[in-house]
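Take a look at the structure below.
Chains as they are written, first to last, in our numbering: chain E, 174 to 472; chain S, 174 to 472.
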């Protein structure tokens, strides 16, 4: 599992930073959070693969977070995609897509399924769930939480062999958490497997002020990407425009017990967000700045 | 005057080619033809300047030719632009802009004036005019012609000095085409100026099949950029999708007496359009391929 940043600028892009788009790349699926203008080009540069299963989660209906949906859908159609695409977003997302598909004469080759989000669980998969929490921005906006379900412990083939369990069906049974009989001996999953692995949690803030509600929502995240539009001296601007400073992101991360903080959505005034990282590091011990095409392997 | 290519791909962009956007940069004004997704980023890369007077001409309402308008308008607003922006386009352009400005909660800081185009003259300026001709594409689409007005000949200061014309007001009169009196001698503009300079003509095809009508429309162009989506062996595909091959572009350019042909709008299948240029050169003696950020000085 990895996080790939396709765009890390605030509303105004620069020659180095495109508009917001963050992908969580799972084994067989891509979860995309926001799709700002240019997302499809960054998607190609990152070689994420057009034909994978994809779900897209939009935080809010500002152009720099969703205009890229149009080009993504168009290019997928030019690639003759047939698999559906699920798009989650706040009220208005249906109208945004419907109006543009009609006016721009789109011919989609695949179904687009639109889910209008509200707070709480919005998607429940075998391996993970996606929840939503209201954020605090100039228009209705939401944050997302990816919560992986706990996974069985690691399977140790040598242990199974030592206990005389034949490879194949019986190994599979053990991996599924069931006991097996080898002759008249019972072998338990715990005999051949490590401890159950806790599911990983990844938070994506979208555009927001820091709030107590979000602090609760992101509790215990392994990784959290958070709105860090401004440095500490522009706190007033952050409040006025309903964004956050890097310091505020770090404070929220610390209070929420987030293990790793990734700053993103930098104002175009910062050519290099080095100073913002330094400010955040004064409050939190694991902080990095996102940049376009940065990939982070989630252990 | 120069042509700057901001995007040169067909509908599907590549990592090297963005979606269609062509700028004609005049002394005090930018004329932009189409604004595909990513136009605002290429615009920044080319350092064209956000605060210049700008007029945008849209050829047709396919996403890869107009979605970039949204980001351009948003970024201009973030820059606190106050000068109006004029957008010319086919029926539907008003709805495209109005729907998105409303749904995406745009706060524009400047007036956007929309002109719905039809065939004929659509803009008449002191120094140039813009005309429109119906193209042949899968939806209503148009080609544009920039026609500079004839300019007075070059002024030669040495000649004026030799004839005793004092610098200042009298030079200005001569440059404006008026005679002046120096003592009792009459000095005519032709005594101090070169021959009247013919206005330059630049054609922009947009997406189209080659047609007899366009051949007439582009007659005598100094430069013409033309839809060259495919190589000659894919003529069937060009017909099916209402585009042109490079060979067809060259044939039309030759028949229309176009001096210089610039191929653009290349299908993503061509990593390098070298072969398309070679095919076109067999028919026309001045052919080049556009590429992103290419600038051509128009002499």
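Each residue gets a CB set at the ideal place from its N, CA and C atoms; glycine is no exception.
key: Cross-chain neighbours of residue 186 of chain S in chain E, by beta carbon under 8 Å   = On the second chain, residue 186 of chain S is found 13 positions in, with the first residue counted as 1. The answer, in chain order, is 213, 214, 217, 244 and 248.
task = Report yes or no: do three or more beta-carbon pairs, one from the region 363-380 of chain E and one from the region 226-237 of chain E, lie closer than 8 Å?
result = At 8 Å Cβ cutoff, the stretches touch.
query = Where residue 265 of chain E and residue 287 of chain S are concerned, what is the direct C-alpha to C-alpha distance, given to the nearest angstrom?
reply = Locating residue 265 of chain E in the first chain gives position 92, where the first residue counts as 1. Locating residue 287 of chain S in the second chain gives position 114, where the first residue counts as 1. When the Cα atoms are used, residue 265 of chain E and residue 287 of chain S turn out to be separated by approximately 25 Å.
request  = Determine the DSSP secondary structure at residue 462 of chain S, reduced to helix, strand or coil.
outcome  = Numbered from its first residue, the second chain carries residue 462 of chain S at position 289. In the structure shown, residue 462 of chain S sits in a strand (DSSP, three-state: E or B).
ask   = At a Cβ threshold of 8 Å, is residue 310 of chain S touching chain E?
value = Start at 1 with the first residue of the second chain, and residue 310 of chain S comes out as number 137. No, no contact with chain E.
message = At the 8 Å Cβ level, is residue 283 of chain S part of the contact set with chain E, yes or no?
response = Here residue 283 of chain S corresponds to residue number 110 of the second chain, with the count starting at 1. Cβ-Cβ to chain E under 8 Å: no for residue 283 of chain S.
ask   = Nearest to residue 406 of chain E by CA position, among E:452, E:375, E:394 and E:426, is which residue?
value = Counting from 1 along the first chain, the entry for residue 406 of chain E is found at position 233. Checking every option, the nearest Cα to that of residue 406 of chain E belongs to E:452.
query = Which partner residues does residue 324 of chain E have in the DSSP bridge list?
reply = To locate residue 324 of chain E, count along the first chain from 1; it is residue 151. Bridge partners of residue 324 of chain E: E:370.
Same chain only: Cβ atoms within 7 Å of residue 423 of chain E, ignoring 5 sequence neighbours per side = The sequence position of residue 423 of chain E within the first chain is 250, counting from 1. Within the same chain, residue 423 of chain E has close Cβ partners 434, 453, 456, 457 and 460.
query = Considering only residues of the same chain and omitting the five flanking positions on each side of residue 463 of chain S, which have a CB-CB separation below 6 Å?
reply = As a first step, residue 463 of chain S is located in the second chain; it is residue number 290 there, counting from the start. Within the same chain, residue 463 of chain S has close Cβ partners 178, 181, 435 and 437.
task = Using the Cα positions of residue 332 of chain E and residue 359 of chain E, report the straight-line distance between them to the nearest angstrom.
result = Mapped onto the first chain, residue 332 of chain E falls at position 159. Mapped onto the first chain, residue 359 of chain E falls at position 186. Each residue's Cα considered, the two are about 14 Å apart.
key: Any alpha helix (DSSP H) of 4 or more consecutive residues that is wholly inside the region 408-454 of chain S   = Every unbroken stretch of the alpha helix (DSSP H) spanning 4 or more residues and falling wholly within the region 408-454 of chain S is given here in chain order: 408-413, 419-428 and 447-454.
inquiry  = Would you say residue 279 of chain E lies against chain C (beta-carbon separation less than 8 Å)?
reply    = The structure shown contains no chain C; the protein chains it does contain are E and S.
key: Per-residue DSSP class, three states only, for residue 318 of chain E   = Position 145 of the first chain, counted from the first residue, corresponds to residue 318 of chain E. Three-state result, residue 318 of chain E: strand.
inquiry  = On a Cα-Cα basis, can you pick out the residue from S:242, S:224 and S:444 that is closest to residue 195 of chain S?
reply    = Taking the first residue of the second chain as 1, we reach residue 195 of chain S at position 22. The alpha carbon of residue 195 of chain S has as its nearest neighbour, out of S:242, S:224 and S:444, the alpha carbon of S:242.
ask   = Closest Cβ-Cβ distance between residue 237 of chain E and chain S: below 8 Å?
value = Residue numbering aside, residue 237 of chain E sits at position 64 when the first chain is read from its first letter. Yes, contact with chain S.
request  = Would you grab the beta carbon distance between residue 139 of chain S and residue 392 of chain S for me? Rounded to a whole angstrom, and I think it's under 8 Å.
outcome  = The structure shown does not extend to residue 139 of chain S, since chain S is modelled only from 174 to 472, so the question has no answer here.
message = Counting C-beta neighbours from all protein chains within 10 Å, is the total for residue 349 of chain S 16 or more, i.e. buried, or is it exposed?
response = In the second chain, counting from the first residue as 1, residue 349 of chain S sits at position 176. Taking all protein chains in view, the Cβ of residue 349 of chain S is surrounded by fewer than 16 other Cβ atoms within 10 Å, so the residue is classified as exposed.
inquiry  = Between which residues of its own chain and residue 443 of chain S is the CB-CB distance below 8 Å, once the five residues before and five after are set aside?
reply    = Position 270 of the second chain, counted from the first residue, corresponds to residue 443 of chain S. 404 and 449.
Given 8 Å, three or more beta-carbon pairs between the region 309-317 of chain E and the region 336-343 of chain E = Fewer than three beta-carbon pairs drawn from the region 309-317 of chain E and the region 336-343 of chain E are found closer than 8 Å, and the two stretches are therefore not classed as touching.
ask   = If residue 254 of chain E sits next to residue 224 of chain E, beta carbons under 8 Å apart, how far is it from one beta carbon to the other, in whole angstroms?
value = If you number the first chain from 1, residue 254 of chain E lands on position 81. If you number the first chain from 1, residue 224 of chain E lands on position 51. Your pair residue 254 of chain E and residue 224 of chain E checks out as a contact, with CB atoms roughly 6 Å apart and the cut at 8 Å.
inquiry  = Counting C-beta neighbours from all protein chains within 10 Å, is the total for residue 363 of chain E 16 or more, i.e. buried, or is it exposed?
reply    = For the purposes of this step, residue 363 of chain E is taken as residue 190 along the first chain, with counting starting at 1. The C-beta of residue 363 of chain E has fewer than 16 other C-beta atoms within 10 Å across all chains shown, which makes the residue exposed.
request  = Could you tell me which of S:186, S:297 and S:365 sits nearest to residue 204 of chain S, measuring between CA atoms?
outcome  = Position 31 of the second chain, counted from the start, is the residue given in the question as residue 204 of chain S. Checked all of S:186, S:297 and S:365; the closest Cα to residue 204 of chain S is S:297.
task = Compute the Euclidean distance between the alpha carbons of residue 418 of chain E and residue 193 of chain E, then round it to the nearest angstrom.
result = Against the first chain, residue 418 of chain E aligns to sequence position 245. Against the first chain, residue 193 of chain E aligns to sequence position 20. In a straight line, the C-alpha of residue 418 of chain E is about 17 Å away from that of residue 193 of chain E.
ask   = Does at least one heavy atom of the ligand SAM sit under 7 Å from the Cβ of residue 349 of chain S?
value = Although the ligand SAM was asked about, the structure shown includes no ligands whatsoever.
task = Could you tell me whether the Cβ atoms of residue 183 of chain E and residue 439 of chain E are closer together than 8 Å?
result = As a working mapping, residue 183 of chain E is identified with position 10 in the first chain. As a working mapping, residue 439 of chain E is identified with position 266 in the first chain. Taking 8 Å as the Cβ cut-off, residue 183 of chain E and residue 439 of chain E qualify as a contacting pair.
key: Per-residue DSSP class, three states only, for residue 354 of chain S   = Mapped onto the second chain, residue 354 of chain S falls at position 181. Three-state result, residue 354 of chain S: strand.
query = If we call anything under 8 Å between Cβ atoms a contact, is residue 334 of chain S one with residue 300 of chain S?
reply = Along the second chain, one-based indexing puts residue 334 of chain S at 161. Along the second chain, one-based indexing puts residue 300 of chain S at 127. Not a contact, by the Cβ cut-off of 8 Å.
inquiry  = Please classify residue 293 of chain S as buried or exposed, where buried requires at least 16 neighbouring CB atoms within 10 angstroms.
reply    = Start at 1 with the first residue of the second chain, and residue 293 of chain S comes out as number 120. For residue 293 of chain S, the number of other beta carbons within 10 angstroms of its own is below 16, and it is reported as exposed.
ask   = Does any CB atom of chain E fall closer than 8 Å to the CB of residue 276 of chain S?
value = Taking the second chain and counting its residues from 1, one reaches residue 276 of chain S at position 103. Yes, because at least one Cβ of chain E sits closer than 8 Å to the Cβ of residue 276 of chain S.
inquiry  = How far does the alpha helix (DSSP H) with residue 275 of chain S in it extend, from its first residue to its last?
reply    = On the second chain, residue 275 of chain S is found 102 positions in, with the first residue counted as 1. Residue 275 of chain S: member of the alpha helix (DSSP H) spanning 266-276, first to last residue.
ask   = Which value, in whole angstroms, describes the spacing of the CA atoms of residue 351 of chain E and residue 357 of chain E?
value = Locating residue 351 of chain E in the first chain gives position 178, counting from the first residue. Locating residue 357 of chain E in the first chain gives position 184, counting from the first residue. When rounded, the separation of the alpha-carbon atoms in residue 351 of chain E and residue 357 of chain E is 16 Å.
Three-state secondary structure (DSSP) of residue 174 of chain E = As a first step, residue 174 of chain E must be located in the first chain, where it is residue number 1. Residue 174 of chain E falls in the coil class under three-state DSSP.
message = Considering only DSSP beta bridges, list what residue 202 of chain S is partnered with.
response = Stepping through the second chain from its first residue, residue 202 of chain S is reached at position 29. Its beta-bridge partners are S:226.
key: Whole-Å CB distance - residue 207 of chain S paired with residue 239 of chain S, under 8 Å assumed   = Sequence index remark: in the second chain, residue 207 of chain S carries index 34 (1-based). Sequence index remark: in the second chain, residue 239 of chain S carries index 66 (1-based). That belief holds up - the Cβ atoms of residue 207 of chain S and residue 239 of chain S are roughly 7 Å apart, short of 8 Å.
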